[in-house]
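This report concerns only the one structure given below.
Number of protein chains: 2
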Amino acid sequence: MASAAALAHPNIAFVKYWGNQDESFRLPSNGSISMNLDGLFTRTKITWNENRKSSKDTLTLNGVPITGRALQRVSNFLDLVRQMAGLDLRAEVVSENNFPSGAGIASSASAFAALALASTRAAGLDLEPGALSRLARRGSGSACRSIPGGFVEWTAGTSDEDSFAATIAPPEHWPLVDVIAILSSAHKTTGSTEGHALAGTSPLQAARVNDAPRRLDLCRRAILERDFAAFADIVEADSNLMHAVMTTSSPPLFYWQPGTLAVMQAVRAARLNGQPACTTVDAGPNVHVICEKASATKIVKMVGSIPGVREVRAAQAGGPARLVEVE
Amino acid sequence: MASAAALAHPNIAFVKYWGNQDESFRLPSNGSISMNLDGLFTRTKITWNENRKSSKDTLTLNGVPITGRALQRVSNFLDLVRQMAGLDLRAEVVSENNFPSGAGIASSASAFAALALASTRAAGLDLEPGALSRLARRGSGSACRSIPGGFVEWTAGTSDEDSFAATIAPPEHWPLVDVIAILSSAHKTTGSTEGHALAGTSPLQAARVNDAPRRLDLCRRAILERDFAAFADIVEADSNLMHAVMTTSSPPLFYWQPGTLAVMQAVRAARLNGQPACTTVDAGPNVHVICEKASATKIVKMVGSIPGVREVRAAQAGGPARLVEVE
Chain A
420 MASAAALAHP NIAFVKYWGN QDESFRLPSN GSISMNLDGL FTRTKITWNE
470 NRKSSKDTLT LNGVPITGRA LQRVSNFLDL VRQMAGLDLR AEVVSENNFP
520 SGAGIASSAS AFAALALAST RAAGLDLEPG ALSRLARRGS GSACRSIPGG
570 FVEWTAGTSD EDSFAATIAP PEHWPLVDVI AILSSAHKTT GSTEGHALAG
620 TSPLQAARVN DAPRRLDLCR RAILERDFAA FADIVEADSN LMHAVMTTSS
670 PPLFYWQPGT LAVMQAVRAA RLNGQPACTT VDAGPNVHVI CEKASATKIV
720 KMVGSIPGVR EVRAAQAGGP ARLVEVE
Chain B
420 MASAAALAHP NIAFVKYWGN QDESFRLPSN GSISMNLDGL FTRTKITWNE
470 NRKSSKDTLT LNGVPITGRA LQRVSNFLDL VRQMAGLDLR AEVVSENNFP
520 SGAGIASSAS AFAALALAST RAAGLDLEPG ALSRLARRGS GSACRSIPGG
570 FVEWTAGTSD EDSFAATIAP PEHWPLVDVI AILSSAHKTT GSTEGHALAG
620 TSPLQAARVN DAPRRLDLCR RAILERDFAA FADIVEADSN LMHAVMTTSS
670 PPLFYWQPGT LAVMQAVRAA RLNGQPACTT VDAGPNVHVI CEKASATKIV
720 KMVGSIPGVR EVRAAQAGGP ARLVEVE
């Protein structure tokens with residue numbers, strides 16, 4: 420029985436991934452930049468079952484046995500690992516998130532990053548970080564950004580070989596905090612995988628993609644220079660561009676709720692009033708309010724007082740996916 | 420003393436005007452389609468003052484003397500009429516709207532349509548409808564659509580000569596109702612004239628403009644065939660495209676309020692539930708809910724019960740700008 424366990428953080432994108440140039444390889448239409456979220460993590464243990472009579476992978480998530488599409492997605496991913504390692508064994512995967520699903524934080528990034536690391540190590544492979552990031556990408560696009568630590572850029576690339584993420588600055592480079600305003604725990608009506616496939620139906624997606632190198636340059640530079648004003652402008656613009664594509668696809672995808680707009684507008688008003696904070700919204704209703712650590716307490720209080728906000732969580736920049744002891 | 424009076428309706432655009440190819444001539448970046456709103460109107464009386472000592476135009480709006488920028492805009496418009504008529508007289512303009520400003524209905528379209536008709540007639544000119552529409556366009560772009568009656572298309576054109584609006588179907592062609600959900604009477608933070616000038620700063624405007632012929636075809640055909648399902652899809656898509664450009668311009672323009680989204684989502688849910696209704700939002704927070712007359716009573720009640728909606732108004736398709744008796 421070969422086992423390994425790994426931990427990975429979810430991440431919040433500042434320049435966002437929306438749409439694929441290749442759906443099956445999850446090659447994104449444009450590059451993206453994100454920050455790992457410390458304190459939040461998925462912890463995954465995998466055991467390659469040497470009993471060859473075992474014909475199926477098994478998955479337990481937060482103590483609950485999982486079957487159906489979610490298990491199939493994990494099995495498909497493990498097929499890639501089996502192929503790389505020349506392995507003909509089934510796996511037992513036991514995974515836990517320390518944040519509830521529906522807490523406004525996508526768990527597929529941390530889940531497939533942790534699974535990529537644990538499954539390859541347990542199979543006797545020791546992939547270099549770029550190869551591990553490429554592998555994680557096959558499970559969930561944004562998972563490739565949860566492999567390296569701190570502030571991360573995913574280079575879109577043009578093939579499986581050159582599409583992976585790498586650190587552009589370590590976590591301690593800039594003490595940013597993601598203050599997550601949680602509005603709703605309702606499940607998404609359209610998941611990200613389905614949503615990505617719709618991006619091309621918007622007449623605006625090509626323009627958004629063509630403009631991405633400019634946004635990546637602005638965002639990367641703002642992070643490297645710790646220039647919050649420049650950072651806020653490009654982060655909000657990029658989020659709005661993604662939702663512009665979403666709301667103009669066929670069918671249109673509306674992830675914003677009334678409370679989403681209320682938080683976006685309150686933060687924008689606070690910034691015009693001298694408070695350094697900005698917002699970004701993923702494929703869900705919750706708002707990620709980004710600020711510097713020095714003003715986080717104030718922002719948490721402000722955001723928590725906005726009608727419609729049910730809960731607030733805060734996370735600083737987190738480290739890379741890493742092996743942990745098998746319990 | 421040469422006097423004339425005219426009345427014109429505001430209009431609601433189904434394929435929207437946003438951005439100019441030429442700011443000073445108000446040549447739009449793309450064509451648009453609208454419906455005049457019956458029951459709502461601006462009534463304007465003009466007198467060319469033959470006392471040549473009078474050196475200034477005067478404007479009274481809803482009984483209040485107006486000076487400053489609003490008067491200057493009217494004077495600049497009257498300069499065009501003076502030039503056409505070879506006139507060297509100042510004017511007294513008395514205008515009234517039967518709908519309050521800030522009722523969710525832009526008044527500049529009906530205002531400049533009524534003024535174009537009254538001022539030219541009082542100056543002894545009898546312009547054919549296309550020329551009148553072109554003239555109204557110089558005062559406010561969308562005013563050119565309030566000159567003809569019913570369902571109207573403004574052909575973008577490429578010069579002052581070929582940019583004007585014409586009827587594509589008379590008011591009685593299709594008994595549509597615009598149910599206006601009024602959320603706020605607060606004044607816009609960014610007026611339309613300023614907003615149009617920002618359209619080109621969005622990386623999405625070119626794609627929106629390039630796609631406009633397709634939307635115009637779909638919308639025109641849906642109106643001519645009275646196909647509500649096709650109409651609803653293209654009207655909502657077009658509104659979302661305009662707001663996509665607005666929210667991604669520099670600076671971004673957010674006209675949607677939390678209540679705007681609440682109404683949009685309630686109407687969308689009702690439509691998925693079999694109720695033929697759709698929404699469109701102009702450069703303000705209020706929502707125009709378009710439905711057929713048969714279901715208008717139901718829609719008015721439904722919209723009025725949505726939290727945040729302060730008032731509801733309803734208007735059917737209206738006629739052209741027309742002369743009225745000078746009181």
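Chains A and B, in that order, are what the protein sequence lines are. My numbering numbers the first residue of the first sequence as 420 and each following residue consecutively. My numbering numbers the first residue of the second sequence as 420 and each following residue consecutively. Built from N, CA and C at the ideal position, the CB exists for glycine as well.
The shortest C-alpha to C-alpha distance from Ile587 (chain B) to any of B:Ser451, B:Val654, B:Leu602 is the one to B:Ser451.
Where Pro519 (chain B) is concerned, there is no enclosing beta strand (DSSP E), because DSSP gives it neither an H nor an E. In terms of Cα proximity to Ala542 (chain A), the closest of A:Gln676, A:Asn468, A:Glu613 is A:Asn468. Apart from sequence neighbours up to five positions away, the residues of its chain that approach Arg640 (chain B) with a beta-carbon distance below 8 Å are Asp646, Ala649, ordered along the chain. Judged by DSSP secondary structure, Asn449 (chain A) falls outside any alpha helix (DSSP H); it is assigned neither H nor E.
The shortest CA-to-CA distance from Ala600 (chain A) to any of A:Lys464, A:Val700, A:Ile465 is the one to A:Val700. For Glu613 (chain B), the closest of B:Ser422, B:Glu442, B:Leu691 by C-alpha to C-alpha distance is B:Glu442. Around the C-beta of Asp498 (chain B), fewer than 16 other C-beta atoms lie within 10 Å, and the residue is accordingly described as exposed. Sixteen is the threshold: when 16 or more other Cβ atoms of the shown chains lie within 10 Å of the Cβ of Asp657 (chain B), as they do, the residue is buried. When the Cα atoms are used, Val500 (chain A) and Ser559 (chain A) turn out to be separated by approximately 15 Å. Under a 10 Å Cβ-count criterion, Gln502 (chain A) is classified as exposed, with fewer than 16 other Cβ atoms of the shown protein chains found around its own Cβ. For Pro632 (chain A), the enclosing alpha helix (DSSP H) stretches over residues 631-643. With fewer than 16 other Cβ atoms inside 10 Å of its own Cβ, Ala713 (chain A) counts as exposed. In this structure, the CA atom of Ala425 (chain A) is about 45 Å from the CA atom of Gln624 (chain B). In this structure, Val719 (chain A) and Ala702 (chain A) do not form a Cβ contact; the two beta carbons are roughly 24 Å apart against a cut-off of 8 Å. Remark: C-beta atoms of Arg564 (chain B) and Ala528 (chain B) approach each other more closely than 8 Å. Residues of chain A whose Cβ lies closer than 9 Å to the Cβ of Pro567 (chain B) do not exist; the shortest such Cβ separation is about 28 Å.
In the displayed model, Val512 (chain A) falls within a strand according to three-state DSSP.
For Ser422 (chain B), the beta-bridge partners assigned by DSSP are B:Thr466. If you compare the alpha carbons of B:Val664, B:Pro704, B:His428, B:Pro622 with that of Ala740 (chain B), the shortest gap goes to B:His428. Within 10 angstroms of the beta-carbon of Gln491 (chain B) lie fewer than 16 other beta-carbons, which makes it exposed. In this structure, the beta-carbon distance from Phe570 (chain B) to Ile642 (chain B) falls below 8 Å.
Gln440 (chain A) places its beta carbon 8 Å or farther from that of Leu680 (chain B). The residues Leu478, in chain order, have a CB closer than 6 Å to that of Ile485 (chain B) in the same chain once the five nearest residues on each side in sequence are set aside.
By the CB criterion at 8 Å, Ser561 (chain B) and Asn430 (chain B) fall inside the cutoff. For Leu602 (chain A), there are no neighbours in chain B by C-beta distance under 9 Å, as the nearest C-beta there is about 11 Å away. Identification of chain A residues near Gln684 (chain B) by a Cβ-Cβ cut-off of 9 Å yields Phe673, Gln676, Pro677, ordered along the chain. Taking C-beta atoms under 8 Å as the contact rule, Val731 (chain A) and Val598 (chain A) qualify, at a distance of about 6 Å. Taking 8 Å as the threshold, the shortest C-beta distance from Pro622 (chain A) to chain B falls below it. In the DSSP annotation of this structure, Pro548 (chain B) is not part of any beta strand (DSSP E); the continuous alpha helix (DSSP H) holding it starts and ends at 548-558. Here the C-alpha atom of His662 (chain B) lies approximately 41 Å from the C-alpha atom of Arg462 (chain A). Look at Thr666 (chain A) here: in three-state DSSP terms it is helix. Taking each of B:Val434, B:Lys464, B:Glu580 in turn and checking the Cα distance to Phe531 (chain B), the smallest one comes out for B:Lys464. The continuous beta strand (DSSP E) containing Ala588 (chain B) extends over residues 583-588.
Shortest Cα-Cα distance from Ile524 (chain A) to any of A:Leu508, A:Thr466, A:Asp457 involves A:Asp457. The beta-bridge partner set that DSSP reports for Leu456 (chain B) consists of B:Ala736.
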